[in-house]
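In this text, residue positions in the sequence shown follow the working numbering: the first is 10, and each later residue adds one.
Have a look at the structure below before the remarks.
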Amino acid sequence: MLTKETVFTALLVFVPLSIAAHFLGWGALTIFITSGIAIIPLAAWMGTATEELSASLGSAIGGLLNATFGNATELIIALIALRAGLVDVVQATITGSIIGNLLLVLGFSMLLGGLRYPEQSFQQTAARVNASSLNLAVIAILLPTAASLLSGGIPEPTMQRLSSAVAIVLILVYGLMLLFSMRTHTHLYNLELAAINATLYDEGNEPIDTIDTIEATPAAPHESRGRWFWVGLLLGITLLVAIESELLVGALETATAQLRLTPLFTGVVLLPIIGNAAEHATAVTVAMKNKMELSMAVAVGSSLQIALFVAPVLVLAGLVLGQPMDLSFNPFELVAVGVAVLLSNSTISDGKSNWLEGALLLATYLVLAITFYFYPV
10 MLTKETVFTA
20 LLVFVPLSIA
30 AHFLGWGALT
40 IFITSGIAII
50 PLAAWMGTAT
60 EELSASLGSA
70 IGGLLNATFG
80 NATELIIALI
90 ALRAGLVDVV
100 QATITGSIIG
110 NLLLVLGFSM
120 LLGGLRYPEQ
130 SFQQTAARVN
140 ASSLNLAVIA
150 ILLPTAASLL
160 SGGIPEPTMQ
170 RLSSAVAIVL
180 ILVYGLMLLF
190 SMRTHTHLYN
200 LELAAINATL
210 YDEGNEPIDT
220 IDTIEATPAA
230 PHESRGRWFW
240 VGLLLGITLL
250 VAIESELLVG
260 ALETATAQLR
270 LTPLFTGVVL
280 LPIIGNAAEH
290 ATAVTVAMKN
300 KMELSMAVAV
310 GSSLQIALFV
320 APVLVLAGLV
330 LGQPMDLSFN
340 PFELVAVGVA
350 VLLSNSTISD
360 GKSNWLEGAL
370 LLATYLVLAI
380 TFYFYPV
């Protein structure tokens, strides 16, 4: 039977293919496509290694490891693109990841889950907390853009200082969120911490009930594989992701020019799909098993990590790399993120979902993607 694991394992063939394409000179477009596909299974294995390692380290350190590596693939791609001077693409990737998680991932989860179950429910309290945190994060990220637009323009050095200050505040808020979810209010996040980025599988490699499994078995890695195995695997995969990201970014400008794609569309639509594909598959899988709380944890939790951790880290990293990046976004990106946050918040506010709500989220994402494709730059 064809499973998610089988597909991801088969896609690993694109790792050597992309490297061969680079050294044999098969062209930028071939390198871009093969390296992009290669990143997808590597991200999935990175999630598996992180989950297994987290299980052996205890809830506190394990939760912190999950929080750090939750969006590691997107962060690695963005850092390499930033080092290459593709600041516009990196900025677009931030907004694109938030939009993609809230509309594309959540939409597919609600649609496919709703086709199996007429109505699915999830915990409202945690959803409200996540929604409030996301509102704050998005407002903080977009305020520098709004200030620049309303004031008629802010000098670049001033905008950089403003963005750095906002980045520090966001990282502090992220730390408070971790404290809230892992220490003071863990009861609200028991389901979410159970299976972010991974679905447990039985010996026959078939999906099993994640919640029942966690309750029935201790949180420990596979007995046949020790902690150092997962440490080594995680480090090895991280290195491979960095190599593939180098190939992807190196071919990006030439390949997207051949495809007639703008940097804005590439950053908002294409790169987030590549970096988040494995996470998307997990969210949809658990939703189809009527575990919408886990699906929500993946989709909304990933958006929170992008807004509260990845974006500010990139702003501060830009100063170190000599490629200053501020939080001044394209005005249409501001509108698109606002639409995504408002629509997703209104959809999850009642603690229930159905296939039509998922279809509406997907339709909104499709309209935004088409608009970004034709948006003049």
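Idealized CB from N, CA, C, for every residue including glycine.
All of these numbers come straight from a predicted model, not from anything done at the bench.
Among the residues of its own chain, which have a CB less than 6 Å from the CB of residue i, if the five just before and after it don't count?
| i | result |
| --- | --- |
| residue 78 | 59 |
| residue 28 | none |
| residue 18 | none |
| residue 126 | 299 |
| residue 220 | Only weak support is given to the placement of residue 220: the predicted model assigns it a pLDDT of 37, under 50, and the question is left unresolved by the model. |
| residue 87 | 99, 102, 323 |
| residue 265 | 275 |
Between which two residues does the alpha helix (DSSP H) harbouring residue i extend?
| i | result |
| --- | --- |
| residue 97 | 96 to 108 |
| residue 384 | Here residue 384 belongs to no alpha helix (DSSP H), and DSSP marks it neither H nor E. |
| residue 301 | 301 to 314 |
| residue 13 | 13 to 20 |
| residue 35 | Here residue 35 belongs to no alpha helix (DSSP H), and DSSP marks it neither H nor E. |
| residue 332 | Taken as a continuous stretch (DSSP letters only), residue 332 belongs to no alpha helix (DSSP H), as it is neither H nor E. |
| residue 186 | 165 to 188 |
| residue 238 | 236 to 267 |
| residue 296 | 280 to 296 |
| residue 90 | 81 to 92 |
When you compare each of the options to residue i by their alpha carbons, which one comes out closest?
| i | options | result |
| --- | --- | --- |
| residue 237 | 65, 117, 33 | 65 |
| residue 16 | 49, 318, 97 | 49 |
| residue 84 | 375, 379, 325, 315 | 315 |
| residue 169 | 180, 190, 335 | 335 |
| residue 341 | 26, 292, 61, 105 | 105 |
| residue 244 | 21, 52, 178 | 52 |
| residue 259 | 292, 128, 23, 38 | 38 |
| residue 421 | 385, 379, 384, 374 | As shown, the chain starts at 10 and ends at 386. That puts residue 421 outside it, with no answer to give. |
| residue 299 | 131, 55, 40 | 131 |
| residue 124 | 190, 372, 382, 362 | 362 |
| residue 108 | 347, 355, 383, 358 | 347 |
| residue 8 | 360, 319, 284 | Outside the displayed range of the chain (10 to 386) lies residue 8, so it cannot be described from this structure. |
| residue 25 | 364, 14, 354, 252 | 252 |
| residue 136 | 357, 384, 188 | 357 |
| residue 176 | 151, 101, 385 | 151 |
| residue 184 | 163, 319, 235, 148 | 319 |
| residue 158 | 344, 386, 74 | 344 |
| residue 121 | 330, 326, 294 | 294 |
| residue 171 | 182, 364, 156 | 156 |
| residue 92 | 328, 36, 371 | 328 |
Who pairs with residue i in a beta bridge, going by DSSP?
| i | result |
| --- | --- |
| residue 130 | 361 |
Taking the beta carbon of residue i as the centre, do at least 16 other beta carbons fall within 10 Å, making it buried, or is it exposed?
| i | result |
| --- | --- |
| residue 289 | buried |
| residue 321 | buried |
| residue 337 | buried |
| residue 153 | buried |
| residue 366 | buried |
| residue 267 | exposed |
| residue 194 | exposed |
| residue 63 | buried |
CB-CB under 8 Å to residue i, same chain, minus the five flanking residues each way: which ones, in chain order?
| i | result |
| --- | --- |
| residue 98 | 90, 261, 272, 275, 276, 280 |
| residue 139 | 305, 309, 310, 313 |
| residue 186 | 142, 313, 317 |
| residue 242 | 54, 58 |
| residue 94 | 332 |
Could you pull out every residue in the same chain whose Cβ sits closer than 7 Å to the Cβ of residue i, ignoring the five residues on either side in sequence?
| i | result |
| --- | --- |
| residue 143 | 309, 312, 313, 316, 350 |
| residue 292 | 114, 118, 304, 307, 308 |
| residue 382 | 274 |
| residue 133 | 360 |
| residue 21 | 50 |
| residue 45 | 257, 283 |
| residue 167 | none |
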